[in-house]
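Input: a single structure, listed below in structure tokens.
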Amino acid sequence: MKRTLGFFGAGKMAEGIVQAVAAAGAFAMKDVVMAENFPPRAKEMAKLYGVKTTPEAVAVVKEAPVIFLAVRPQDVAALAAQVKPLLTAKTLLVSIVAGKSLATLRRMFGAKVRLVRVMPNLALRAKEGMCAICPARNAKKSDVKLVSDILGAAGQTAVLQEKHFDAVTALSGSGPAFFAYMEEAMAEGGVKLGLKPAVARQLAEQTMLGTAAYLRQSGADLGAFIAGVATKGGTTAAGMDVMRASDFKDVVAATLEAAAARSAELGK
Ligand SMILES: NC(=O)c1ccc[n+]([C@@H]2O[C@H](COP(=O)([O-])OP(=O)(O)OC[C@H]3O[C@@H](n4cnc5c(N)ncnc54)[C@H](OP(=O)(O)O)[C@@H]3O)[C@@H](O)[C@H]2O)c1
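Each residue of the sequence shown is one higher than the one before, counting from 45 in my numbering.
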């Protein structure tokens, strides 16, 4: 049976999911239909991936039983007003919109449509995404499996209760910017020590990537790992002494708290 996968919005995140769909072989690209407001972007996506595009969100509902909602939060209400009359229990709507709860989505898109809420991050563009998944009560087990399989091709997935979504939004949703800021700080520190900016960035980035890869591979306890690298009297220990004496961890905690609070605010 021919299956069609739909998208509302063909922006950055939708593109990452399309790449994952292609990698997973879950849907043929000719069976992907994307509603996109901005004609040059629609043209670009059609050219890059061979997907079908339309300016009409309603056309996607008519064709696709599974649809990713991938427009910006402020565009959801106008879109919902257009498509709500057509949505039934036959449609699975997978929302990646930050801050919009299942209850809010249900109010906007109607009581019948099957809903799954996802909090992805931008790293899915590099097939190293982290996606939290929460099904609504009326979603089927097979819906969760389908969403997990598609997004699993673009990194890792975790099924979590919705009460954790503000924390997830702060940690993994916004996290790429926070880690990039850390990389920037490391690279700027390297420049102060005399390295060229491009070299400093390369060293910082590869060290961040390599550390994460090693920690995942070894499953090492973080404290034991740090203690192992920071041998007494050595260079790492000298640096760690400064980090530990600072309010670094408090700053990181406050950063996540601010992001989570903003997520809660946007969800109201
Ligand atoms: N970026 C991230 O790191 C990240 C992380 C987690 C979650 N998210 C969520 O992912 C969603 C998408 O983010 P994004 O960064 O991919 O946004 P984006 O690049 O701005 O893409 C959204 C696209 O949807 C189009 N659009 C808006 N309303 C439409 C409608 N009614 N019909 C058809 N197309 C429509 C927009 O076109 P116009 O620009 O012409 O309006 C735009 O091209 C957001 O809700 C965000 O909260 C993003």
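In this text, a Cβ means the ideal position worked out from N, Cα and C, and glycines have one as well.
Being a predicted model, the structure only gives us computed values, none of them experimental.
Measuring only the C-alpha atoms, how far is residue i from residue j?
i	j	result
Val102	Thr132	13 Å
Leu113	Ala242	38 Å
Asp75	Thr135	16 Å
Ile140	Ala264	32 Å
Asp291	Ser262	29 Å
Met45	Ala70	In this prediction, Met45 has a pLDDT of 49, which is less than 50 and means its spatial position is unreliable; what the coordinates show is noted afterwards. Going by the C-alpha atoms only, they are around 13 Å apart.
Val138	Gln246	37 Å
Ala183	Ala147	14 Å
Val95	Ala64	14 Å
Met230	Lys236	10 Å
Gly24	Val105	Nothing can be reported for residue 24: it is not among the residues displayed for the chain, which extend from 45 to 312.
Ala79	Lys276	59 Å
Val296	Met287	12 Å
Asn165	His208	15 Å
Glu232	Gln250	15 Å
Ala66	Asp294	41 Å
Pro84	Ala224	30 Å
Thr255	Pro99	44 Å
Val77	Thr97	5 Å
Look up residue i in the DSSP assignment and say whether it is helix, strand or coil.
i	result
Pro179	strand
Thr148	helix
Met45	Bear in mind that the predicted position of Met45 carries a pLDDT of just 49, short of 50, making it too unreliable to give a figure here.
Lys96	strand
Ser290	coil
Gly173	strand
Ile140	coil
Arg306	helix
Val102	helix
Val162	strand
Val115	coil
Val157	coil
Do residue i and ligand 1 come close, with the Cβ less than 7 Å from some heavy atom?
i	result
Lys56	yes
Ile122	Note on residue identity: the sequence assigns Ala, not Ile, to residue 122. For ligand 1, at least one heavy atom lies less than 7 Å from the Cβ of Ala122.
Gly53	yes
Gly272	no
Pro84	no
Glu309	no
Ile177	no
Leu237	no
Val115	yes
Glu80	yes
Pro8	Any property of residue 8 remains undetermined from this structure, which presents the chain solely from 45 to 312.
Ala303	no
Gly217	yes
Asp294	no
Ala359	Since the first residue shown for the chain is 45 and the last is 312, residue 359 is missing from the structure and cannot be characterised.
Is the CB-CB distance between residue i and residue j below 8 Å?
i	j	result
Leu300	Pro117	no
Ala122	Thr48	no
Asp210	Ala308	yes
Cys178	Gly199	no
Met152	Ala124	yes
Gly60	Arg169	yes
Ala167	Pro220	yes
Lys319	Val120	Within the shown structure, residues of the chain are numbered from 45 to 312, placing residue 319 beyond reach of any answer.
Leu159	Ala142	no
Val188	Val212	no
Gly154	Lys185	no
Cys305	Ser218	Cys is not the amino acid found at residue 305; the sequence shown has Ala there. In this structure, Ser218 does not lie closer than 8 Å to Ala305 by Cβ.
Ile270	Met252	no
Leu190	Val110	yes
Ala281	Ala274	yes
Does ligand 3 have a heavy atom nearer than 7 Å to the CB of residue i?
i	result
Val141	Ligands present in the displayed structure are limited to ligand 1, and ligand 3 is not among them.
| said: Restricting to runs no shorter than 3 residues, where is the beta strand (DSSP E) found entirely within the segment 48 to 94? | reply: Runs of the beta strand (DSSP E) inside the segment 48 to 94: 49 to 52, 76 to 79.
| query | What runs of the alpha helix (DSSP H), each 4 residues or longer, lie entirely inside the segment 181 to 268? | reply | For the segment 181 to 268, whole alpha helix (DSSP H) runs of length 4 or above, ordered along the chain, are 185 to 196, 209 to 212, 219 to 236, 241 to 262.
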